[in-house]
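Comments concern the structure below.
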Amino acid sequence: MAYHQHYHQYQQPAASPPGAADPQFLWGVFQRVDKDRSGAISIQELQSALSNGTWTPFNPETVRLMIAMFDKDHSGTINFQEFSDLWKYVTDWQTTFKSYDRDNSGTIDKHELKTALTSFGYRLSDQFYDLLIRKFDRTGRGNIAFDDFIQCAVVMQTLTNSFRRYDTNQSGWIQLSYEQFLMLVFSMKS
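Next comes the structure, spelled out in structure tokens:
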């Protein structure tokens, strides 16, 4: 991260494309989240503003991953345009999450997670779903909250994209040396 100051001007947002959230509404949300009035939202500001629907803080790792995904200028923060893109991303995931939370519990269990990931195109074993639940269930109750669901999906997509770089014939199988494996793991953007 650069050591120079970033000066952000608060500018009113332009009109939004069809289907997007009202820019005036988003602008108001952005201003409320930007507690230090810097014109950009930090990881800490975003985490304090997000709710996962379970009255617990949003997973800090999920917030970090999302900031990294939408921070196009690599400033460590997100500006209004980046926030608008992030807002759409989160609301799309919220819709997806709710559609797979069949019992309306506010969490996704193993069966619901398997249904969701299968609909995304993944064909994985029950043992793998057990592993995902253990990895992303912060409460130890056998289910995943909304923020952890986002993190799970982002990690799955990141790993899939890394795998595909080596799976040139799209067979679902790759052969790697140990060093290639390390390169694959350490070069993943997260």
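For the sequence shown, the working numbering begins at 179 and goes up steadily by one.
All residues carry an ideal CB built from backbone N, CA and C; glycine is no exception.
Residues bridged to residue i (per DSSP)
{"i": "residue 285", "result": "323"}
{"i": "residue 245", "result": "Partner(s): none; residue 245 has no beta bridge."}
{"i": "residue 219", "result": "256"}
C-alpha distance - residue i paired with residue j, whole-angstrom precision
{"i": "residue 328", "j": "residue 269", "result": "11 Å"}
{"i": "residue 209", "j": "residue 220", "result": "12 Å"}
{"i": "residue 311", "j": "residue 330", "result": "9 Å"}
{"i": "residue 256", "j": "residue 226", "result": "15 Å"}
{"i": "residue 294", "j": "residue 338", "result": "16 Å"}
{"i": "residue 291", "j": "residue 333", "result": "14 Å"}
{"i": "residue 217", "j": "residue 258", "result": "8 Å"}
{"i": "residue 252", "j": "residue 319", "result": "36 Å"}
{"i": "residue 347", "j": "residue 341", "result": "12 Å"}
{"i": "residue 356", "j": "residue 281", "result": "43 Å"}
{"i": "residue 189", "j": "residue 322", "result": "Only weak support is given to the placement of residue 189: the predicted model assigns it a pLDDT of 40, under 50, and the value that follows is read from those uncertain coordinates. C-alpha separation (whole angstroms): 38 Å."}
{"i": "residue 212", "j": "residue 222", "result": "10 Å"}
{"i": "residue 224", "j": "residue 238", "result": "10 Å"}
{"i": "residue 284", "j": "residue 303", "result": "24 Å"}
{"i": "residue 207", "j": "residue 228", "result": "11 Å"}
{"i": "residue 314", "j": "residue 244", "result": "16 Å"}
{"i": "residue 305", "j": "residue 254", "result": "36 Å"}
{"i": "residue 351", "j": "residue 297", "result": "21 Å"}
{"i": "residue 199", "j": "residue 273", "result": "14 Å"}
Segment limits, alpha helix (DSSP H) that includes residue i
{"i": "residue 235", "result": "Counting along the chain, residue 235 falls outside any alpha helix (DSSP H), and DSSP gives it neither H nor E."}
{"i": "residue 307", "result": "304-314"}
{"i": "residue 208", "result": "201-211"}
Exercise for review: At 4 residues or longer, and completely inside the region 320-359: list those alpha helix (DSSP H) runs for me, N to C.
Suggested key: Within the region 320-359, the runs of alpha helix (DSSP H) that reach at least 4 residues and sit entirely inside it are, in chain order, 324-344.
**OP:** Determine contact between the region 235-248 and the region 261-276, defined as no fewer than three beta-carbon pairs at a distance below 8 Å.
**Re:** Under the three-pair Cβ rule at 8 Å, the region 235-248 counts as touching the region 261-276.
*Pairing CB atoms from the region 298-313 with CB atoms from the region 359-367, are three or more of them under 8 Å?*
The region 298-313 vs the region 359-367: no contact.
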